[in-house]
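Below is one structure, written out as structure tokens; comments come after it.
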Amino acid sequence: MNILVVGSGGREHSISRKLLESKHTTQVFVAPGNDGMCLDEGIFTVAIQETDHQALLAFAKEKKIELVIIGSELPLLNGLADDFQKNQILVFGPSKKAALIEGSKDFAKQFMQKYQIPTAAFQTFSEYDLACAYIEEKGAPIVIKADGLAAGKGVTVAMTIEDARLALEEIMQEEKFGKYSKKVVIEEYLEGEEISLMAFVDGENVYPMEIAQDHKRAYDGEQGPNTGGMGAYSPVQHISRKYVEEAVEKILKPTAKGLVAEGRAFSGILYAGLMLTKDGVKTVEFNARFGDPETQVVLPRLESDLVEIILDVLQHRKPTIHFCQEGIDLGVVLASCGYPEKPHLGEQVTGLENLSSNTQVYYAGVKKDNQEKFVSQGGRVLLLHMRGKDMQMAREKLYTEMKKLDNPAFFYRKDIGEKAQR
Ligand code: AMP
Ligand code: GLY
Numbered sequence: 002m003n004i005l006v007v008g009s010g011g012r013e014h015s016i017s018r019k020l021l022e023s024k025h026t027t028q029v030f031v032a033p034g035n036d037g038m039c040l041d042e043g044i045f046t047v048a049i050q051e052t053d054h055q056a057l058l059a060f061a062k063e064k065k066i067e068l069v070i071i072g073s074e075l076p077l078l079n080g081l082a083d084d085f086q087k088n089q090i091l092v093f094g095p096s097k098k099a100a101l102i103e104g105s106k107d108f109a110k111q112f113m114q115k116y117q118i119p120t121a122a123f124q125t126f127s128e129y130d131l132a133c134a135y136i137e138e139k140g141a142p143i144v145i146k147a148d149g150l151a152a153g154k155g156v157t158v159a160m161t162i163e164d165a166r167l168a169l170e171e172i173m174q175e176e177k178f179g180k181y182s183k184k185v186v187i188e189e190y191l192e193g194e195e196i197s198l199m200a201f202v203d204g205e206n207v208y209p210m211e212i213a214q215d216h217k218r219a220y221d222g223e224q225g226p227n228t229g230g231m232g233a234y235s236p237v238q239h240i241s242r243k244y245v246e247e248a249v250e251k252i253l254k255p256t257a258k259g260l261v262a263e264g265r266a267f268s269g270i271l272y273a274g275l276m277l278t279k280d281g282v283k284t285v286e287f288n289a290r291f292g293d294p295e296t297q298v299v300l301p302r303l304e305s306d307l308v309e310i311i312l313d314v315l316q317h318r319k320p321t322i323h324f325c326q327e328g329i330d331l332g333v334v335l336a337s338c339g340y341p342e343k344p345h346l347g348e349q350v351t352g353l354e355n356l357s358s359n360t361q362v363y364y365a366g367v368k369k370d371n372q373e374k375f376v377s378q379g380g381r382v383l384l385l386h387m388r389g390k391d392m393q394m395a396r397e398k399l400y401t402e403m404k405k406l407d408n409p410a411f412f413y414r415k416d417i418g419e420k421a422q423r
């Protein structure tokens, strides 16, 4: 099959690499992709933006694409899956209606309330004064979220009322998130450990993957602003299976069922961000796609054929899903200085030629300059991935490699996976 992947990040690179392992795959095209991915034999980038539905459809027809996989959230919320479906092209990714579970925090919270899916208490506001009065009443810590896509950056976990007020001002008065600045969701602060659970979903049927742990804050020790994710590992061995089972039964399955009942049946990857609180597992957020960077550490562990799993899900069969049972997969993101607020772009990435051959590089915000050198063109530049027999080995090996990329234009967290060693 010729397969088209839509998106441009490390997640799409790792999906594409996994697809190439399948006996069903001939070529993988990625639109728009990035220049780093093209180093892989069999991956071809296509200069079409993920928002250009007409051009994507025309390309798919011209190249006789037999399967489209939508990696990122924006095209899903723009209805790209619906458009491929209307044109009888097989597409993996939820409809616009189903993707709203990610696209609107307010919708997701109202939905969870209606279907009694465990999550933090909340209220939604579109007036600044009322929102301010609510945070005064509730006190800190408290969590402020812009009601829309903000690439993981629209959330402030405010430890003081002052920080909460500042976050409200930025969103509601300075309109930092453009059209997504009109409404804010204000949530109770949840305390506990966070994990990411992704599942293949076909209507009411849920087929979970191995869990991963992301590291959302920009700096070591969970300091600094929230980002899209600075590193991840899988599996998360110190988290008991019983929490995962609880999350599948009380969160993923009722969500899939509720979406069917709402006329928003989900087909694709449902991602639940979960907090393991002392009162049980609670939902922090839903995404309607694979997580980034979780995918870069979960998919390498998948031993079953990804194309077969996707075809099974699309054709309503139960897929066979096996994950590697040994070792730990660890991934650390190299980010541009200034990320997530204002990443400095156009900086040359150095040291790639010194990486050992068993390090996997998943490219994200990179392009080749006119001297054929990779320069940064996004906040998250790339992720290095390594498997170790345990976390200590994985960290030793991976951080030895990361050091080779040391460069004042970039930064990375030094404590990815540390929690699993305690
Ligand atoms: P979200 O985009 O909703 O996943 O939020 C981004 C990050 O903010 C999450 O991964 C958590 O680390 C943190 N966060 C979000 N909601 C809460 C909450 N209610 N309590 C504590 N932390 C939260
Ligand atoms: N790593 C979090 C996300 O993909 O949204």
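Going by my numbering, the first residue of the sequence shown is number 2, and it counts up by one from there. Note that CB positions come from ideal geometry on N, CA and C, so glycine has one too.
Out of curiosity, what's the CA-to-CA distance linking C39 and G269?
Within the sequence shown, numbered from 1, the residue matching residue 39 stands at position 38. Within the sequence shown, numbered from 1, the residue matching residue 269 stands at position 268. In a straight line, the C-alpha of C39 is about 26 Å away from that of G269.
Alpha carbon of G347 to alpha carbon of V249, nearest angstrom:
Position 346 of the sequence shown, counted from the first residue, corresponds to residue 347. Position 248 of the sequence shown, counted from the first residue, corresponds to residue 249. Straight-line Cα distance between these residues: approximately 43 Å.
Hey, F375 and D41 are a contact pair by Cβ (cut 8 Å); roughly how many whole angstroms apart?
By one-based count along the sequence shown, residue 375 stands at place 374. By one-based count along the sequence shown, residue 41 stands at place 40. In this structure F375 does not touch D41 by the C-beta definition: roughly 14 Å separates them, more than the 8 Å allowed.
Keeping to the same chain, check which residues put their C-beta closer than 6 Å to that of G10; ignore five residues upstream and five downstream.
Counting from one through the sequence shown, the residue named residue 10 turns up at place 9. Once the five neighbours on either side are set aside, the close Cβ partners of G10 are D293 and A365.
Got a sec, what are the start and stop residues for the alpha helix (DSSP H) D83 sits in?
Residue 83 sits at position 82 when you count from the first residue of the sequence shown. Per DSSP, the unbroken alpha helix (DSSP H) holding D83 starts and ends at L81 to K87.
Inter-residue spacing [alpha-carbon to alpha-carbon] between L275 and Q372:
Against the sequence shown, residue 275 aligns to sequence position 274. Against the sequence shown, residue 372 aligns to sequence position 371. Taken atom to atom, the span from the alpha-carbon of L275 to that of Q372 is near 44 Å.
Does the distance between the C-beta of G274 and the nearest non-hydrogen atom of the ligand AMP fall short of 7 Å?
As a working mapping, residue 274 is identified with position 273 in the sequence shown. Judged by the Cβ position, G274 qualifies as a neighbour of the ligand AMP at the 7 Å threshold, a heavy atom of the ligand being closer than this.
Is Y135 near the ligand AMP - that is, is its Cβ less than 7 Å away from at least one heavy atom of it?
The count along the sequence shown starts at 1 and reaches residue 135 at position 134. Answer for Y135: no, Cβ out of range of the ligand AMP.
Can you name the residues that DSSP bridges to P33?
Counting from 1 along the sequence shown, the entry for residue 33 is found at position 32. Note: P33 sits in a beta bridge opposite G8.
May I ask you to verify whether the segment 224 to 239 touches the segment 69 to 87, counting CB pairs closer than 8 Å and requiring at least 3?
The segment 224 to 239 makes no contact with the segment 69 to 87, as fewer than three CB pairs between them are under 8 Å.
Mind listing, in chain order, the continuous alpha helix (DSSP H) runs of no fewer than 4 residues lying wholly within the segment 126 to 212?
Every alpha helix (DSSP H) of 4 residues or more that sits fully in the segment 126 to 212 is shown, in chain order, as 129 to 139 and 162 to 169.
For the structure I just gave you, are there three or more beta carbon pairs, one from the segment 397 to 412 and one from the segment 351 to 364, closer than 8 Å?
Yes, the segment 397 to 412 touches the segment 351 to 364.
Just to confirm before moving on: does the CB-CB distance between A132 and V185 stay below 8 Å?
Within the sequence shown, residue 132 is the residue found at index 131, counting from 1. Within the sequence shown, residue 185 is the residue found at index 184, counting from 1. At the C-beta level, A132 and V185 come within 8 Å of one another.
Taking buried to mean at least 16 other C-beta atoms within 10 Å of its own C-beta, is H323 buried or exposed?
By one-based count along the sequence shown, residue 323 stands at place 322. If you draw a 10 Å sphere on the C-beta of H323, you find fewer than 16 other C-beta atoms in it, and that means exposed.
Own chain residues within Cβ distance below 8 Å of K98, not counting five before or after:
For this step, residue 98 is matched to residue 97 along the sequence shown. Short of 8 Å from the beta carbon of K98, and not among the five residues preceding or following it, lie these beta carbons of its own chain, in chain order: G264 and R265.
Range of the contiguous alpha helix (DSSP H) that encloses P95:
On the sequence shown, residue 95 is found 94 positions in, with the first residue counted as 1. Looking at the DSSP string, P95 is not in any alpha helix (DSSP H), and its letter there is neither H nor E.
Is the Cβ-Cβ distance between G104 and I71 less than 8 Å?
Your numbering for residue 104 matches position 103 in the sequence shown. Your numbering for residue 71 matches position 70 in the sequence shown. In terms of Cβ geometry, G104 and I71 do not form a close pair [threshold 8 Å].
To the nearest angstrom, how far is it from the Cα of H317 to the Cα of L307?
Along the sequence shown, read from residue 1 onward, the residue named residue 317 stands at position 316. Along the sequence shown, read from residue 1 onward, the residue named residue 307 stands at position 306. Rounded to the nearest angstrom, the gap between the Cα atoms of H317 and L307 is 15 Å.
Contact check, M199 vs E295 under 8 Å by CB: the rounded distance?
Position 198 of the sequence shown holds residue 199. Position 294 of the sequence shown holds residue 295. With a Cβ gap of about 7 Å, M199 and E295 count as contacting.
A168 and E205 closer than 8 Å at C-beta:
The residue you call residue 168 lines up with position 167 of the sequence shown. The residue you call residue 205 lines up with position 204 of the sequence shown. No, Cβ-Cβ distance for A168 and E205 is not below 8 Å.
Note down the Cα distance separating E309 from E137, rounded to an integer number of angstroms.
Reading the sequence shown from its first residue, position 308 is the one you call residue 309. Reading the sequence shown from its first residue, position 136 is the one you call residue 137. Separation of E309 and E137 (C-alpha to C-alpha, rounded to the nearest whole angstrom) is 53 Å.
Return yes when the Cβ of A32 is within less than 8 Å of the Cβ of E49, no when it is not.
As a position in the sequence shown, residue 49 is number 48, starting the count at 1. As a position in the sequence shown, residue 32 is number 31, starting the count at 1. Note that residue 49 corresponds to Ile in the displayed sequence, not to Glu. Yes, the Cβ-Cβ distance between I49 and A32 is below 8 Å.
Straight-line CA distance for T1 to E63?
No information on residue 1 is available, as it lies outside the stretch 2 to 423 that the chain covers here.
A109 lies in the alpha helix (DSSP H); which residues open and close that run?
Position 108 of the sequence shown, counted from the start, is the residue given in the question as residue 109. Residues K106 to K115.
Please classify H447 as buried or exposed, where buried requires at least 16 neighbouring CB atoms within 10 angstroms.
Not covered by the structure: residue 447. The range shown for the chain is 2 to 423.
Helix, strand or coil for E373 per DSSP?
The residue given as residue 373 occupies position 372 in the sequence shown. Coil at E373, not helix or strand.
Taking all protein chains shown into account, do 16 or more other C-beta atoms lie within 10 angstroms of the C-beta of P409, making it buried, or fewer, making it exposed?
For the purposes of this step, residue 409 is taken as the residue at position 408 of the sequence shown. Result: exposed.
Just to check my reading of the structure: Y272 and S337 have Cβ atoms closer than 8 Å, yes? What is that Cβ distance to the nearest angstrom?
Counting from one through the sequence shown, the residue named residue 272 turns up at place 271. Counting from one through the sequence shown, the residue named residue 337 turns up at place 336. No, Y272 and S337 are not in contact; Cβ-Cβ is about 25 Å, not under 8 Å.
Can you name, in chain order, every residue of its own chain whose Cβ lies under 6 Å from the Cβ of Q297, other than the five neighbours on each side?
By one-based count along the sequence shown, residue 297 stands at place 296. Excluding residues within five positions, the ones whose Cβ falls inside 6 Å are G11, S15, G332, Y363, L384 and H386.
Pull up the CB-CB distance for V158 and Y129, whole angstroms please, since I reckon it's below 8 Å.
Looking up residue 158 in the sequence shown gives position 157. Looking up residue 129 in the sequence shown gives position 128. Wrong, their Cβ atoms sit about 20 Å apart, outside the cutoff.
L403 - containing alpha helix (DSSP H), residue span
Your numbering for residue 403 matches position 402 in the sequence shown. Note on identity: in this sequence residue 403 is Met, with Leu being the wrong assignment. That run of the alpha helix (DSSP H) goes M392 to K404.
Provide the residue span of the beta strand (DSSP E) that contains I71, from first to last.
Taking the first residue of the sequence shown as 1, we reach residue 71 at position 70. Where I71 is concerned, the enclosing beta strand (DSSP E) stretches over L68 to I71.
Looking at E295 and the ligand GLY, is the gap between the Cβ and the nearest heavy atom below 7 Å?
In the sequence shown, counting from the first residue as 1, residue 295 sits at position 294. Checking the 7 Å criterion, the Cβ of E295 is within range of a heavy atom belonging to the ligand GLY.
Between Q55, Q28, V382 and F123, which has its C-alpha nearest V144's C-alpha?
Here residue 144 refers to the residue found at position 143 of the sequence shown. Here the closest residue by C-alpha is F123.
Simplified DSSP assignment, three categories, for L331:
Here residue 331 refers to the residue found at position 330 when the sequence shown is read from its first residue. L331: strand per DSSP, three-state reduction.
If distances are taken between C-alpha atoms only, which option among E175, G155, K177 and P142 comes closest to I162?
Translated into positions along the sequence shown, residue 162 becomes position 161. Selected option, being the one with the closest Cα: P142.
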